[in-house]
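Visitor:
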Amino acid sequence: MKRKFLGLCAAALLLACAEQPQPALENQAINSAKFAALSVATPDATLDGTNLGMYRGIFVSADTKYHGELIVSITDADTPLAVVALDNGKSLYFEGQALGDAQYRFKSDNAFFTIDVSDKDNVIVLGSDLESRPIHIRLVKDEAASRATVSLGTFVDTADSNFAGTWDFISTSTSDITQPIPFPPFIFTITVDNIDELVICYDNGTPDGRMFNDTSQESFTASGCGVIPAGTYAPFTLGPTVLDLPLVGPTAVDEIAAFGQTTDILGNNLTWNLGSTINGAVPGVQAYVDLSCTEVASGTWSWNGRSGTILLD
1124 MKRKFLGLCA
1134 AALLLACAEQ
1144 PQPALENQAI
1154 NSAKFAALSV
1164 ATPDATLDGT
1174 NLGMYRGIFV
1184 SADTKYHGEL
1194 IVSITDADTP
1204 LAVVALDNGK
1214 SLYFEGQALG
1224 DAQYRFKSDN
1234 AFFTIDVSDK
1244 DNVIVLGSDL
1254 ESRPIHIRLV
1264 KDEAASRATV
1274 SLGTFVDTAD
1284 SNFAGTWDFI
1294 STSTSDITQP
1304 IPFPPFIFTI
1314 TVDNIDELVI
1324 CYDNGTPDGR
1334 MFNDTSQESF
1344 TASGCGVIPA
1354 GTYAPFTLGP
1364 TVLDLPLVGP
1374 TAVDEIAAFG
1384 QTTDILGNNL
1394 TWNLGSTING
1404 AVPGVQAYVD
1414 LSCTEVASGT
1424 WSWNGRSGTI
1434 LLD
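If you want it as structure tokens, here you go:
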């Protein structure tokens, strides 16, 4: 199945002329307790199905200098808040205000973004700015009944280091992988997060940069890597977590499996493969693997005469 690849520039990235953010400062001391709580908060089940609650997704400045997971909280009872957990271990914090008609502006001393959540399943970015550059934002609703997760990564062209950017996954659904255990006989079930969306951003030398997303993936047949048995799967992530495996006991796992993927970007096919596990030749050490479970240097991609690598953050 060939995936439909949608080119986006953060929905509707508009520069607000009235806003003149200053150079970005990380780890701002604004309502530190509230922001710390937001970073580890879980969704309120009573807000499932509404456009209030938590949203989770990708935050990338147009020059890809700032890259991280964005968490947004919108309720009637408190000030809207947003935090970005950057891939360098630092954070950006935003306080929000309601603009009416399900629109909210989030602002710090140095940056802002405005979103429309009228349709919780199609969050629209109305404007943004960070260091005089737009921000690529992709948000999905994070609900108690359908948790959203984010995995961050980067890519680079092997022959051209200037052709590089971010390579991220969003999950909003899960699948159960079952494995029969012969003695004593029973079925062991592992729940994985489906890779429901791929988000790619890169700096193409223009003020706006580029962002693409893909919400359709192909199944693949694997010989079995890490704790996952051989079989046919849709692309997934698992962990980091600890599973209590039969006959083995508590086992740390952190895996991604997505092979044989094909995507149309701007009329040219992007093909890519990415597998990783911490149960490779050196247990506990992240290793990249190919479809046959052989350890390799990284994930790989090929597009429009270019080829390169994919690395996880």
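In this text, residue positions in the sequence shown follow my numbering: the first is 1124, and each later residue adds one. Just so you know, even glycine gets a beta-carbon here, dropped at the ideal spot from N, CA and C. If you're wondering where the values come from, they're calculated on a predicted model, not measured in any experiment.
1) Nearest-angstrom Cα distance between ILE1323 and GLY1288?
2) Counting beta carbon pairs with one atom in the region 1379–1389 and one in the region 1326–1340, are three or more of them shorter than 8 Å?
3) Return the bridge partner residues of LYS1264 from the DSSP annotation.
4) According to DSSP, ASP1082 sits in a beta bridge with which residue or residues?
5) Between the Cα of ASP1186 and those of PRO1330, ASP1232 and LEU1370, spot the shortest distance and give me the residue it belongs to.
6) Taking the Cβ atom as the reference point for each residue, do THR1423 and ASN1392 lie within a distance shorter than 9 Å?
7) Tell me ASP1291's beta-bridge partners as DSSP assigns them.
8) Among THR1169, ALA1160 and PRO1358, whose alpha-carbon lies nearest the alpha-carbon of ILE1300?
9) Just checking, does the region 1179–1193 make contact with the region 1204–1213 on the three C-beta pairs under 8 Å criterion?
10) Give the secondary structure of THR1329 by DSSP, where H, G and I count as helix, E and B as strand, and everything else as coil.
11) In chain order, what residues of the same chain lie with their CB nearer than 6 Å to the CB of THR1360, ignoring the 5 residues before and after it?
12) For the region 1157–1175 and the region 1233–1252, state whether three or more C-beta atom pairs, one from each stretch, are separated by less than 8 Å.
13) List the residues that DSSP assigns as beta-bridge partners of ASP1316.
14) Distance, Cα to Cα, PHE1286 vs ASP1280?
15) So if DSSP puts LEU1368 in a beta bridge, which residue, or which two residues, is it bridged to?
16) Could you name the residues of the same chain whose beta carbon sits closer than 6 Å to that of THR1314, not counting the 5 residues immediately before and after it, in chain order?
17) Which of helix, strand or coil does DSSP assign to LEU1215?
18) Could you tell me which of ALA1156, SER1231 and TYR1178 sits nearest to THR1295, measuring between CA atoms?
19) Around the C-beta of PRO1406, are 16 or more other C-beta atoms found within 10 angstroms, so that it is buried, or is it exposed?
20) Out of SER1269, GLU1320, THR1202 and GLY1390, which one is the CA nearest neighbour of TYR1227?
21) Is LEU1435 closer than 9 Å to GLN1409 when the C-beta atoms are compared?
22) Rounded to whole angstroms, how far is the Cβ of PRO1166 from the Cβ of ASP1265, which I believe are closer than 8 Å?
23) To the nearest angstrom, how far is the alpha carbon of SER1269 from that of VAL1263?
24) Out of SER1184, ASN1327, PHE1343 and ILE1197, which one is the CA nearest neighbour of GLN1220?
25) For PRO1363, which option in VAL1350, TYR1356, LEU1414 and LEU1370 has the closest C-alpha, if you only look at C-alpha atoms?
Guide: In this structure, then:
1) 7 Å
2) yes
3) TYR1178
4) Outside the displayed span of the chain (1124 to 1436) sits residue 1082, for which this structure offers no information.
5) PRO1330
6) no
7) VAL1322
8) PRO1358
9) yes
10) coil
11) SER1274, ASP1316 and ILE1379
12) yes
13) THR1297 and THR1360
14) 6 Å
15) GLY1372
16) THR1297 and ASP1299
17) strand
18) TYR1178
19) exposed
20) THR1202
21) yes
22) 5 Å
23) 11 Å
24) ILE1197
25) VAL1350
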